[in-house]
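Numbering (my numbering), first residue to last: 6 to 240. For glycine and all other residues, C-beta sits at the position ideal for the given N, C-alpha and C. Note that this is a predicted model, so its numbers are computed, not measured.
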């Protein structure tokens with residue numbers, strides 16, 4: 006399935022920042038330049054820019070256009086708590102650390118979720134900021150009997166909820182628990198932290214519309230490189 010154009014544009018800009026070709030204070034290409042480069046209308050460009058502004062990665066300045074703002078990122082806490090089908094919960098580039106297939110009962114994230122003997126795919130990724138430093142460890146286990154080809158996808162850009170939707174699995178129900186946690190040695194290395202440093206841990210479980218569990222996701226957030234925000238809409 007082809008990626009949406011606004012996702013392609015956003016990821017290209019993120020890569021330019023991560024690679025160092027765009028630095029803090031540099032001006033991004035104009036809307037017209039991006040429209041010509043990606044052969045798109047104005048709408049996908051504006052959508053990509055809006056999402057980048059939301060993360061804090063870029064900033065619009067009157068008279069200067071859109072510039073690279075910082076390496077720190079912001080993310081909506083409400084978006085994290087739900088299963089997003091229009092892009093990743095935390096914007097940025099992934100580094101895939103590893104994948105494996107195991108029996109559900111042998112993995113701590115899936116042992117109490119799936120029936121014994123259920124094959125589950127584990128996907129471990131690190132979300133990177135614009136400098137290439139780790140800001141989130143993402144560890145996901147998925148029921149392979151429902152989506153047997155998930156590990157054959159482009160895992161660096163995969164958004165699982167969108168993938169499920171494209172395969173006819175919709176009306177996902179999400180439940181999340183937020184808690185404080187300490188890191189394992191491997192996870193601490195990914196985030197360049199000491200194992201004694203407390204971090205925020207999110208554990209999110211997805212069920213299909215008919216009540217079947219399909220995924221459990223663990224996210225470990227760097228305590229200083231990502232800001233979680235909640236915006237309340239007044240009625």
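Three-state secondary structure assigned by DSSP to residue 37: In this structure, residue 37 counts as helix in the three-state DSSP scheme.
Rounded Cβ spacing between residue 218 and residue 154 (contact assumed at less than 8 Å): Approximately 19 Å separates the beta-carbon atoms of residue 218 and residue 154; this is outside 8 Å, ruling out the contact.
Helix, strand or coil at residue 12 according to DSSP, with G and I counted as helix: Three-state result, residue 12: helix.
Residue 222 CB to nearest heavy atom of the ligand PLP below 8 Å: Within the structure as shown, the ligand PLP is missing, as the structure has no ligands at all.
Same chain only: Cβ atoms within 7 Å of residue 52, ignoring 5 sequence neighbours per side: So the list reads 11, once near-sequence residues are dropped.
Residue range of the unbroken beta strand (DSSP E) whose run includes residue 208: Residue 208 -> beta strand (DSSP E) spans 204-212.
Simplified DSSP state of residue 155, which is helix, strand or coil: The answer is helix: DSSP assigns residue 155 an H, G or I state.
Option nearest residue 189 by Cα separation, candidates 220, 164, 144: For residue 189, the closest alpha carbon among the candidates 220, 164, 144 is that of 144.
Residue 25 in three-state terms, based on DSSP: In the displayed model, residue 25 falls within coil according to three-state DSSP, outside both helix and strand.
Residue closest to residue 62, alpha-carbon to alpha-carbon, out of 213, 198, 204, 136: For residue 62, the nearest C-alpha among the options comes from 136.
Integer Cβ distance of residue 107 from residue 160, believed to fall under 8 Å: Not really, about 17 Å apart at Cβ, beyond 8 Å.
Residues that residue 127 bridges to, as DSSP identifies them: Paired residues: 105, 146.
Secondary structure of residue 225, DSSP reduced to three states: The answer is strand: DSSP assigns residue 225 an E or B state.
Cβ pair residue 180, residue 209 closer than 9 Å: A contact, by the Cβ cut-off of 9 Å.
First and last residue of the uninterrupted beta strand (DSSP E) at residue 183: 178-186 is the extent of the beta strand (DSSP E) around residue 183.
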